[in-house]
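Using UniProt numbering, the first residue of the sequence shown is number 1, and each one after it goes up by one. Contents: one structure, followed by commentary.
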Amino acid sequence: MASDDQVILALGFAAICDIEIMKAKKRKIWQRKWLQRRTQLECYENLMKELALEDSESYRRFLRMDVSTFEELVALVSPSIERNNTSMREAIPAAERIASIYITQLLQCIKNILLFISSETQSSLSYQFRIAQNTISGIIPAVCSAIYHHLGSEIQVPESENEWKMVAEEFWAKWNFPLCLGAMDRKHIRIKPPPHSGATYRNYKGFFSIVLLAVVVANLKFLYVDVGTNGRVSDRGVWGKSKLRQAITNGDMNIPEAAALPGLASNLPFVIVADDAFPLMPNIMKPYPGSNLSKECLIFNYRLSRARRVSKNAFGILAARFRVFGTTILTSVPNTKLIVLAACSLHNFLTNRSKNTYIPEDSADREDILNGVLIEGNWRQNTNQLISCQRISSRGSNYAKDVRDRFCNFFNAEGAVPWQDNNYTLH
């Protein structure tokens, strides 16, 4: 059995696709004999059931969820993925289909890296679970569709002003940034370019990609996800084409009206915090640029950086748990979109149901505020992290700059926290 550090999460969900029968010629072998012994010898039938019955702690480490959470996941998606036994062969049970995609092992014989969607992974899963490789390759899109259908509601954009205010209150309580509706970031997802697409998907780094844009809330869950823009589109264009920008600009999100903060003469708008990959807008706060900044501006940048840490952690944990994002996804662009949406949905599902197991305390970056030290999370040990989008130059409107200046004034007066004078260089 591989050691714990050789066991990783990939996409945790299940489905089964029918094996299409070649019409041009008959197969000489309906099913190989070693595949026929699946129910007696494969991984799910033996290892997982043993762990569930005999060693619940190892089960949690192996799956990053407990038995009850796994059973809940099976119950949710089973209606979409069950297949009946045929007279010729046995169907693969839903729980086993979930496990066959959810569990992968880092095998030394393939450079210690098991690529979830690659042919190596599909081949390894085929041997591990005694399921034909063409069945494994057919599972992926159906699995993603099923999991997103049942768990897509885990990614929930607030619909009312009160719901947005609850998001902002939690952000202020946990990350000391008021009127904040989330932290936004975007990353490149490596893909195999579609046939005849030329350089359409080639990004500024030189590889082919689609872009994942997301907003993350205080508890590291995804509040909004937009995936699919081709990597060649400029970073300004990615934001300009996003539905989120359109909704904010058009006032379609029921974001609350500007609110008062202690010590400020005028109200401030609710905002989303971001980095230099986004434009400065009245509802989007980014750091002050430049190197010769005043202490007050540096303190604002520090407070903004603390708030943005939630998106860094969420993206980092997503890539560490689902290693498919650390390599090129060898499937079609529509299927890649499904993989991303399903993974983000599952991330939220596991954060809700099994957070201590899915995101242990040492997983995320955290700050020792007393000693002024940033303690890096374990996700940073993953060498195949998601690639950030290119920074863009944006001066912002005078009103957007005024909003940032007033937040800066607040953080340096009534909104100051005791440790910021010692820690503001951490950002």
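Even glycine gets a Cβ: it sits at the ideal position worked out from N, Cα and C. Keep in mind the model is a prediction, meaning the values are calculated, not measured.
What's the C-alpha gap between Gly240 and Ser153?
Between the alpha carbons of Gly240 and Ser153 lies a gap of roughly 25 Å.
State yes or no: is the C-beta of Ile155 within less than 9 Å of the C-beta of Asn313?
For Ile155 and Asn313, no; Cβs fall outside 9 Å.
Counting along the chain, where does the alpha helix (DSSP H) carrying Phe315 start and finish?
Under the DSSP assignment, Phe315 falls in the alpha helix (DSSP H) whose first and last residues are 295-321.
For Leu386, three-class secondary structure by DSSP:
For Leu386, the secondary structure class from DSSP, reduced to helix, strand or coil, is coil.
Is Cys297 near the ligand SAM - that is, is its Cβ less than 8 Å away from at least one heavy atom of it?
Of ligands this structure carries none, so the ligand SAM is not represented either.
Does the separation of the CB atoms of Ile329 and Lys192 fall below 9 Å?
A contact, by the Cβ cut-off of 9 Å.
For the region 223-292, which segments carrying the beta strand (DSSP E) assignment without a break, of at least 3 residues, lie completely within its bounds, in sequence order?
Runs found: 271-273.
Starting from Glu367, follow its DSSP beta bridges and name the residues at the other end.
Glu367 has Leu374 as its beta-bridge partners, per DSSP.
Three CB pairs or more closer than 8 Å across the region 407-418 and the region 250-266
Pairwise C-beta distances place the region 407-418 in contact with the region 250-266, as three or more of them are shorter than 8 Å.
For the beta strand (DSSP E) containing Met184, list its first residue and its last residue.
Following the DSSP letters along the chain, one finds Met184 inside the beta strand (DSSP E) bounded by residues 180-190.
Quick check: what's the CA-CA separation for Asn301 versus Tyr288?
Asn301 and Tyr288 have their C-alpha atoms spaced approximately 7 Å apart.
Can you tell me whether Lys221 is buried or exposed, with buried defined as 16 or more other CB within 10 angstroms of its CB?
Around the beta carbon of Lys221, a 10 Å sphere encloses 16 or more other beta carbons of the protein chains shown; the residue is thus reported as buried.
Range covered by the beta strand (DSSP E) that runs through Ile210:
Ile210 -> beta strand (DSSP E) spans 209-216.
Just to confirm, is the Cβ distance from Leu338 to Leu212 under 9 Å?
In this structure, Leu338 lies away from Leu212, with their beta-carbon atoms at least 9 Å apart.
CB of Met285 within 9 Å of CB of Ile299, strictly
For Met285 and Ile299, no; Cβs fall outside 9 Å.
Just the C-alpha distance for Ala258 and Ala142, rounded to the nearest angstrom, thanks.
Rounded to whole angstroms, Ala258 to Ala142 spans 44 Å at the Cα level.
Looking at the strands, I want to know which residues DSSP matches up with Ile140.
None; Ile140 has no bridge partner.
Label Phe171 either buried or exposed according to how many other C-beta atoms from any shown protein chain fall within 10 Å of its C-beta, with 16 as the threshold for buried.
Around the beta carbon of Phe171, a 10 Å sphere encloses 16 or more other beta carbons of the protein chains shown; the residue is thus reported as buried.
9 Å Cβ cutoff met for Ala364 and Arg321
When the beta-carbon positions are compared, Ala364 and Arg321 stay at least 9 Å from each other.
Beta-carbon proximity of Thr382 to Ala319, cut-off 9 Å:
Here residue 382 turns out to be Asn, not Thr, going by the sequence shown. Yes, Cβ-Cβ distance for Asn382 and Ala319 is below 9 Å.
By Cβ distance, which residues of its chain are closer than 6 Å to Val217, with the 5 residues on each side in sequence left out?
Take Val217, set aside five residues on each side of it, and the residues of its chain with a beta-carbon closer than 6 Å to its own are Val167, Gly182, Leu223, in chain order.
By DSSP, does Arg404 sit in helix, in strand, or in coil?
It is helical.
Alpha carbon to alpha carbon, how far is Leu244 from Pro256?
Going from the Cα of Leu244 to the Cα of Pro256 covers about 16 Å.
Range covered by the alpha helix (DSSP H) that runs through Glu170
Element bounds for Glu170: 161-175.
Where the alpha helix (DSSP H) containing Leu341 begins and where it ends:
333-358 is the extent of the alpha helix (DSSP H) around Leu341.
Distance between Ser332 and Arg186 (C-alpha atoms, nearest Å)
Straight-line Cα distance between these residues: approximately 21 Å.
To the nearest angstrom, how far is the alpha carbon of Tyr148 from that of Val324?
Distance from the CA atom of Tyr148 to the CA atom of Val324, rounded to whole angstroms, is 17 Å.
Indicate the three-state DSSP secondary structure (helix, strand or coil) for Arg395 in the structure shown.
Reduced to three states, the DSSP call for Arg395 is coil.
Taking the C-alpha atoms as reference points, what is the distance between Met368 and Ser197?
It is Asp, not Met, that sits at residue 368 in the sequence shown. Cα-Cα distance, rounded: 48 Å.
Report the rounded CA-to-CA distance for Ser209 versus Cys297, giving the unit in angstroms.
Note on geometry: alpha-carbon atoms of Ser209 and Cys297 lie some 35 Å from one another.
Rounded C-alpha distance that separates Glu159 from Tyr399
The straight-line gap from Cα to Cα measures roughly 26 Å.
With a 10 Å radius around its C-beta and 16 neighbouring C-beta atoms as the bar for buried, classify Thr200 as buried or exposed.
That one is exposed.
Considering only residues of the same chain and omitting the five flanking positions on each side of residue 432, which have a CB-CB separation below 8 Å?
The first residue shown for the chain is 1 and the last is 427, placing residue 432 beyond what the model contains.
Close-in-space but distant-in-sequence residues of the same chain around Arg353 (CB under 6 Å, 5 per side omitted)
Closer than 6 Å at the Cβ level, and outside the excluded window around Arg353, lie Thr69.
Cα-Cα, which of His150, Asn176, Asn283, Trp175 is closest to Ala75?
The residue with the shortest Cα to Cα distance from Ala75 is His150.
If you drop the 5 nearest sequence neighbours on each side, which residues of the same chain put their C-beta closer than 6 Å to that of residue 428?
The structure shown has nothing for residue 428, since the chain only spans 1 to 427.
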